Amino acid sequence: MDGAFPPCFLLFASLTFIIRPQPSMTIELETPRLPAATPRHYYLMDDCMYPGLLLLCIVASELWDAETKPIDFVCNRAARRSMNIVAEMQKALKDCNGSMTFSTPVQLPCAELHVASWENKSHQEKRGDIGASLTLLIEGVKVVRALSQAGCGAMLLQRLEHNINNYLLILTHLQLSGPVESPVLSCVPGSTQSLSTVLLNYNRLLSGKLERFMINLEDRCTPQ
335 MDGAFPPCFL
345 LFASLTFIIR
355 PQPSMTIELE
365 TPRLPAATPR
375 HYYLMDDCMY
385 PGLLLLCIVA
395 SELWDAETKP
405 IDFVCNRAAR
415 RSMNIVAEMQ
425 KALKDCNGSM
435 TFSTPVQLPC
445 AELHVASWEN
455 KSHQEKRGDI
465 GASLTLLIEG
475 VKVVRALSQA
485 GCGAMLLQRL
495 EHNINNYLLI
505 LTHLQLSGPV
515 ESPVLSCVPG
525 STQSLSTVLL
535 NYNRLLSGKL
545 ERFMINLEDR
555 CTPQ
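In the working numbering, the protein residues as written are 335 to 558.
Rendered as structure tokens:
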């Protein structure tokens, strides 16, 4: 190395690490861009010694703080931006030889947004629509992850699974008025064997339907 720092060291040199001695080797990673009210917790796994995967290892398991109420997510746009990790995963995917093909197709979420019909839905219907798509996607990710060999791709899939689950937890615990609607898909889902395509559609769902839904709910936020 001739005294040069490896890229992964330079990438994380500005981050503050707080290590707490727990059996599961829990690490709390604090970054300047993440609101203090919404810390992320990270769990290191045995595969973390896999060459070039420091970024993926540190962020392999992201859990929404159990003490943070869903309304805090609704009222904090910075928290929403921080929780959308698609751009980070796309960069990480390039380090995994640039692509990943699944052995079996994954069904895609209903990400297409028709503004007029979307705005006519009740809050419960919007939650059900988004929740159905997230559930469809996470089930597919679980299947391909179980079939994947340990390494870069498996780490990416695990991170994606945890991120989707975080959104599902927040949606499930949102306090909404009106009768509860069962999750219903609003399209005939397509499918793909490409992780890149999965990430593109996942991001469309988050930045489209989910973000509009959160903006619809912002009227219940207390002015700062």
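Idealized CB from N, CA, C, for every residue including glycine. Nothing here was measured: the structure is a model prediction, and the numbers come from that model.
Beta-carbon spacing of residue i, residue j below 8 angstroms
i: PHE436; j: VAL478; result: yes
i: VAL518; j: ASP463; result: yes
i: PRO439; j: HIS507; result: no
i: LEU442; j: GLY524; result: yes
i: MET423; j: LEU533; result: yes
Residue of the options minimising C-alpha distance to residue i
i: SER280; options: LEU447, VAL514 and ALA480; result: Not covered by the structure: residue 280. The range shown for the chain is 335 to 558.
i: SER485; options: LYS543, ASN431 and ALA413; result: Checking the displayed sequence, the identity of residue 485 turns out to be Gly instead of Ser. The candidate whose alpha carbon is nearest that of GLY485 is ASN431.
i: VAL582; options: SER528, SER451 and ASP406; result: Look at the range of the chain in this structure, 335 to 558, and you will see that residue 582 is not part of it.
i: LEU427; options: GLY487, ASN410, LYS460 and VAL449; result: GLY487
i: ILE498; options: SER511, GLN509, GLU473 and PRO513; result: GLU473
i: MET489; options: ASN410, THR556 and MET434; result: MET434
Any chain B beta carbon closer than 8 angstroms to residue i
i: ASN499; result: The question asks about chain B, but that chain is absent: this structure has only one protein chain.
Cβ-Cβ separation, residue j to residue i (assumed contact under 8 angstroms), whole Å
i: SER482; j: LEU491; result: 6 angstroms
i: ASN550; j: HIS457; result: 7 angstroms
i: VAL408; j: GLU552; result: 6 angstroms
i: ASP406; j: ALA413; result: 7 angstroms
i: GLU459; j: GLU515; result: 5 angstroms
Residues of its chain near residue i, where Cβ-Cβ distance is below 7 angstroms and the 5 sequence neighbours each way are ignored
i: ARG538; result: ALA445
i: PHE343; result: Residue confidence is low: PHE343 scores 38 on pLDDT, short of 50, so the model does not pin down where it sits. Its coordinate-derived value is still stated next. Result list for PHE343: empty, nothing under 7 angstroms.
i: GLY542; result: ALA445 and LEU447
i: LEU574; result: The chain is shown only over 335 to 558; residue 574 falls outside these bounds and no answer can be derived.
i: ARG367; result: Legend: pLDDT at ARG367 = 37, less than 50; position of this residue unreliable, no value from coordinates given.
i: THR526; result: PRO439, VAL440, LEU442 and VAL532
i: GLY512; result: SER456, HIS457 and GLN458
i: LYS425; result: none
6 angstroms CB neighbourhood of residue i in its chain, flanking five on each side removed
i: ALA370; result: In this predicted model, ALA370 has a pLDDT of only 39, less than 50, meaning its place in the structure is not dependable; the value taken from the coordinates is given anyway. Counting only Cβ-Cβ distances below 6 angstroms, and skipping sequence neighbours, we find nothing.
i: ARG554; result: none
i: TYR501; result: LEU468
i: LEU540; result: ASN418
Same chain, Cβ closer than 8 angstroms to residue i, neighbours up to 5 away in sequence not counted
i: ALA480; result: none
Paired residues, beta bridge with residue i - DSSP
i: GLN441; result: SER525
i: THR435; result: SER528
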